[in-house]
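Peer 1: Order-wise, the sequence lines are chains A and B.
If you use the numbering used here, the first sequence corresponds to residues -16 to 132, in order.
If you use the numbering used here, the second sequence corresponds to residues 2 to 244, in order.
A virtual CB, placed ideally from N, CA and C, is assigned to each residue, including glycine.
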Amino acid sequence: LDQLRAERDRLRHEEDAVSFVRRLAQGRIDLVEAVRHRKSSGESTSVADIIRSGVGPAPSTGSARPPRDTDVAADHPLVTEFDQLCDRLGFDEMSELDVPGLDRLHDGLVAFEAVQSSRRRDLFERIDALTAELVRRYRDGDASVDSLL
Amino acid sequence: DTPAIHRAWQRWVDDKDSASREVLIVHYSPLVKFVAGRVAAGLPAGVDTGELIGTGIFGLMDAVDRFDPSRGFKFETFAVPRIKGAILDGLRAIDWVPRTVRQRSRQIEQAVSELGNELKRAPSDEEIAGRLGISEDELHDWLSAVAVANVGPLDHLVTDGEPRQLPPSTDAGPDRVLEDREVRSVMRAEIRQLPDRERTVVALYYDEGMTLAEIGSVLGVTESRVSQIHSKAVIMLRSRLTA
Ligand SMILES: Nc1nc2c(ncn2[C@@H]2O[C@@H]3COP(=O)(O)O[C@H]4[C@@H](O)[C@H](n5cnc6c(=O)[nH]c(N)nc65)O[C@@H]4COP(=O)(O)O[C@H]3[C@H]2O)c(=O)[nH]1
Ligand SMILES: Nc1nc2c(ncn2[C@@H]2O[C@@H]3COP(=O)(O)O[C@H]4[C@@H](O)[C@H](n5cnc6c(=O)[nH]c(N)nc65)O[C@@H]4COP(=O)(O)O[C@H]3[C@H]2O)c(=O)[nH]1
């Protein structure tokens, strides 16, 4: 039972980092799309609008899941890897990039996000399978919360 | 830090160059996406999260304005609690808990603590409903309505009756951590005192991180029943901890 929990915790810690960097990537993809649109359409979008596209739409409420911490492992290797990717693609010099450069930046970020989302999906499968096993043990009386408390 | 961001911090901190400030805010804006997503997930349907985005962005700007790169912290570590704090402050401002829900919650809490003192034990649903002059079914409806948001760890949820983040300290001192730990250990003791069902739900939800549905299949009850038991547990803990 302890092993089960330990394994699940390990996976969830990994998933925390993946989900965090995934959200960062999604935000930056949406930022690049906003900037690219501004460039091509000639529309004058304010910085506030650009920022809002990085933040994304109003998030949905009413989750069935327990509250998740927002404590982030900001020095996690994944985050460093992502920052370096952004740097290589010229994310912070976006305004200087020409359209092909913006496209390269966009595609690079999308590829990275896709990898993270797929890892996240895989982690959920494994975490949820372990949880199902945990549920079984509790239901069959092989586990009790006393050991938790 | 990448060279570009390092440059931006220098220009902002040393020269108050507003263009660099913009670069930083744009660069880190996805942090608000992350925090707002997780906070919103814990809110009941119907809360307008559009506003929360705005307050989150102000929290980010505030963090950019206050951050001191020389202290050696990563900006993300510094900013995320501030963004969350701003969002929770924004939540309080829009008074997102309907008044009737607040009232009902208080009434139940009062009944629970009165009965607890009289009976010297945790009261049953029947006893609580009796004290409130309603049927047990009605009590369960009230508990469903009162199933307020879980926007953080249990200790924050309970000790204030309102979702609240500890004020972000510019240097995460040991005192704050200690205070946190004390609250937690008191909480643990009280959780152990809860009646069997309430204790199980709390442990499975916050410690095992199970969803309400998963807890339902452990206890052999519906998800909404679990939600009611959870509300009751939170109210019981609140009445004990504020006694
Ligand atoms: N309630 C809930 N549902 C979840 C969660 N994670 C995934 N899903 C659901 O699963 C679908 C596929 O997610 P994905 O494989 O990560 O694939 C995602 C992801 O790779 C990407 N994506 C998601 N959000 C964003 C975003 O804000 N910006 C950008 N640029 N891409 C995003 O687009 C794909 C499609 O997204 P969706 O149309 O939203 O479709 C999502 C969504 O319906 C979650 O944490 N909570
Ligand atoms: N074990 C397990 N854990 C899961 C699963 N789905 C999500 N989670 C975890 O639970 C957190 C909250 O998910 P949510 O309530 O759906 O709340 C989500 C959801 O409302 C939204 N979101 C994230 N990704 C997507 C997406 O691709 N599409 C849509 N529509 N919403 C998304 O942002 C919120 C926070 O997302 P995260 O920071 O990634 O945090 C997520 C993630 O860490 C799952 O199937 N199994």
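Grab me the residues of B:Ile230's own chain with a C-beta within less than 7 Å of its C-beta, minus the 5 sequence neighbours each way, in chain order.
Peer 2: Arg198, Glu199 and Val202.
Peer 1: Can you look up B:Ser106 in the DSSP assignment and give me helix, strand or coil?
Peer 2: Three-state DSSP puts B:Ser106 in a helix.
Peer 1: According to DSSP, simplified to helix, strand and coil, what is A:Val98?
Peer 2: Helix, per DSSP.
Peer 1: Could you tell me the boundaries of the alpha helix (DSSP H) in which B:Trp10 lies?
Peer 2: Per DSSP, B:Trp10 belongs to the alpha helix (DSSP H) from Pro4 to Asp16.
Peer 1: What does the Cβ neighbour count give for B:Gly47, buried or exposed, with the cut at 16 atoms within 10 Å?
Peer 2: Its Cβ having fewer than 16 others within 10 Å, B:Gly47 is exposed.
Peer 1: Classify B:Glu139 as buried or exposed, calling it buried when 16 or more other Cβ atoms lie within 10 Å of its own Cβ.
Peer 2: B:Glu139 comes out exposed.
Peer 1: Just the C-alpha distance for A:Val82 and B:Pro31, rounded to the nearest angstrom, thanks.
Peer 2: Their Cα atoms are separated by approximately 23 Å.
Peer 1: Below 7 Å, is the gap between the Cβ of A:Ile110 and the nearest heavy atom of ligand 2?
Peer 2: Yes, the beta carbon of A:Ile110 sits closer than 7 Å to at least one heavy atom of ligand 2.
Peer 1: Using CA coordinates, which residue listed in A:Leu(-6), A:Ser130 and A:Arg11 is at the minimum distance from A:Glu96?
Peer 2: Residue A:Arg11 is the option with its Cα nearest to A:Glu96.
Peer 1: In whole angstroms, what is the alpha-carbon distance linking A:His59 and B:Ile109?
Peer 2: C-alpha separation (whole angstroms): 45 Å.
Peer 1: Tell me which residues share the same chain as A:Glu(-3) and place their Cβ nearer than 8 Å to its Cβ, disregarding the 5 neighbours each side in the sequence.
Peer 2: The answer, listed in chain order, is Leu106.
Peer 1: In chain order, what residues of the same chain lie with their CB nearer than 8 Å to the CB of B:Gly134, ignoring the 5 residues before and after it?
Peer 2: Hits under 8 Å: none found.
Peer 1: Checking contacts by CB at 8 Å: is B:Gly51 closer than that to chain A?
Peer 2: So, interface residue.
Peer 1: Assign A:His59 to one of three DSSP states: helix, strand, or coil.
Peer 2: Residue state, collapsed to three classes: coil.
Peer 1: Under 8 Å, Cβ to Cβ, is there at least one residue of chain A near B:Met211?
Peer 2: By this cut-off, B:Met211 is an interface position.
Peer 1: Assuming B:Leu1 contacts B:Met237 (C-beta within less than 8 Å), just tell me the rounded distance between them.
Peer 2: Residue 1 of chain B cannot be examined here, being either before or after the span of chain B that is shown, 2 to 244.
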